[in-house]
Amino acid sequence: MTALTDSQFRWILEHLRVPQNVGPTSIMLMGDGPLDSTEWQRALFALGHDVYFPDQYHATLLVGRRNWSKQILLDLLEARRGLKVRIVSQEMMLAWLATRRDPFDDAPEHVRELWGDHPVYQFLDDGDGDGPGFDWPSLDVQDEPEDGSAVLGGWGVGLLSAAGYRVGGDGEHVPTRHAALRRAYESNAALAKLPEAKRNYCGPAGSLRRLEVIASTMAKQYKLARSRPERALAIHHWEQDLHWLHSQFYLRDRSAKRWFDWPTLDADDRND
234 MTALTDSQFR WILEHLRVPQ NVGPTSIMLM GDGPLDSTEW QRALFALGHD VYFPDQYHAT
294 LLVGRRNWSK QILLDLLEAR RGLKVRIVSQ EMMLAWLATR RDPFDDAPEH VRELWGDHPV
354 YQFLDDGDGD GPGFDWPSLD VQDEPEDGSA VLGGWGVGLL SAAGYRVGGD GEHVPTRHAA
414 LRRAYESNAA LAKLPEAKRN YCGPAGSLRR LEVIASTMAK QYKLARSRPE RALAIHHWEQ
474 DLHWLHSQFY LRDRSAKRWF DWPTLDADDR ND
């Protein structure tokens, strides 16, 4: 069977005419190939889908064959422990939109046939020895380990800590906390000592990606601490500071709402 050329792939994507209720409402993007992720972003926007960077709030990740990150995949699986995650190649997503049928509705062996030789799936299957042991194509990520260890917000924690952001009993006063958040958002100095992969994950200074990482990290820490009465002061600080970030940076950028939803602090996480 002859594979589609990039031009054929692009033509099909550009001329798809599908109802807006086909496929997941929210889709995370990572990597390129066959098409650049920017081409998918434009096409998905046109089809009525919301597009995001990989984070813990959404359940469908669209991956390319190149320029994807093993560490981001591991962070995503860690952040969504006990939840679901759907990892879909560009080829599978094109088939999904064209046929209007979720490929994960098929038997696992049929889903594996659709994957082919995709490098992301080889990594998920631990083909190169350092994969996550994720039972792909299952949608369920195993729950928290019994010892309670977890990534509290992923790499964004390192960014905030390096910028001098502290909350709770050992935290700082409001002006100092806000100055630290501004440093984390507007400057790359806090990232200087972090590994390159972490710097790339946090995005450029002043970008919407950087703002999304900061806000989602704080929201994740808030939710993890919410059931612990001894963290009441830290919870109060996160609420204050997320409100300040929202009004200071998110609401002032007209394109921010198109790029990502501001995280909510209610009891129900957004999983779709």
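Per the numbering used here, the sequence shown starts with residue 234, numbered consecutively.
Cβ atoms here follow ideal geometry from the backbone N, Cα and C, with glycine treated the same way.
Item: Work out the CA separation of residue 339 and residue 482 for me, nearest whole Å.; Value: 43 Å
Item: As a quick exercise: from 346, 280, 349, 473, pick the residue whose alpha carbon is nearest that of residue 401.; Value: 473
Item: In whole angstroms, what is the alpha-carbon distance linking residue 497 and residue 471?; Value: 12 Å
Item: Considering just the uninterrupted stretch of the alpha helix (DSSP H) at residue 270, what are its terminal residues?; Value: 270-279
Item: Considering residue 478, what are the terminal residues of the alpha helix (DSSP H) in which it resides?; Value: 465-478
Item: Touching or not, the region 279-291 and the region 253-263, by the rule of three or more beta carbon pairs under 8 Å?; Value: yes
Item: Less than 9 Å separating the beta-carbons of residue 298 and residue 264?; Value: yes
Item: Do residue 372 and residue 446 have their C-beta atoms within less than 9 Å of each other?; Value: no
Item: Among 247, 455, 466, which residue has its Cα nearest to the Cα of residue 330?; Value: 247
Item: My output table needs one value for residue 383: the three-state DSSP class, helix, strand or coil.; Value: With a pLDDT of only 35 at residue 383, under 50, the local geometry of the prediction cannot be trusted, and the value read off the model is given with reservation. If DSSP states are grouped into helix, strand and coil, residue 383 belongs with coil.
Item: I'd like the list of long-range same chain contacts for residue 443, defined as Cβ closer than 7 Å, with 5 residues on each side in sequence excluded.; Value: 418, 435, 436, 437
Item: Would you kindly report the start and end of the unbroken alpha helix (DSSP H) that includes residue 249?; Value: Taken as a continuous stretch (DSSP letters only), residue 249 belongs to no alpha helix (DSSP H), as it is neither H nor E.
Item: So, for residue 449: in the same chain, excluding its five sequence neighbours on each side, which residues have a beta-carbon less than 6 Å away from its beta-carbon?; Value: 288, 496
Item: In the structure shown, what three-state DSSP assignment does residue 398 receive?; Value: coil
Item: Residue 360 to residue 458, Cα distance in whole Å?; Value: The predicted position of residue 360 is uncertain, since its pLDDT is 49 and thus under 50; a value taken from the coordinates is nonetheless stated next. For residue 360 and residue 458, the distance between alpha carbons rounds to 36 Å.
Item: On the DSSP letters alone, give me the boundaries of the alpha helix (DSSP H) that residue 259 sits inside.; Value: No alpha helix (DSSP H) contains residue 259, which is instead part of the beta strand (DSSP E) from 259-263.
Item: Helix, strand or coil for residue 494? Go by DSSP, reduced to three states.; Value: coil
Item: Should residue 462 go down as buried or exposed, given a rule of 16 or more other Cβ atoms within 10 Å for buried?; Value: exposed
Item: Considering only the beta carbon of each residue, do residue 398 and residue 413 sit closer than 9 Å?; Value: yes
Item: Tell me the rounded alpha-carbon separation between residue 385 and residue 342.; Value: Low confidence applies to residue 385: its pLDDT is 36, below 50, so where it sits in the model is not reliable, and the reading given next is rough at best. So the two alpha carbons sit approximately 34 Å from each other.
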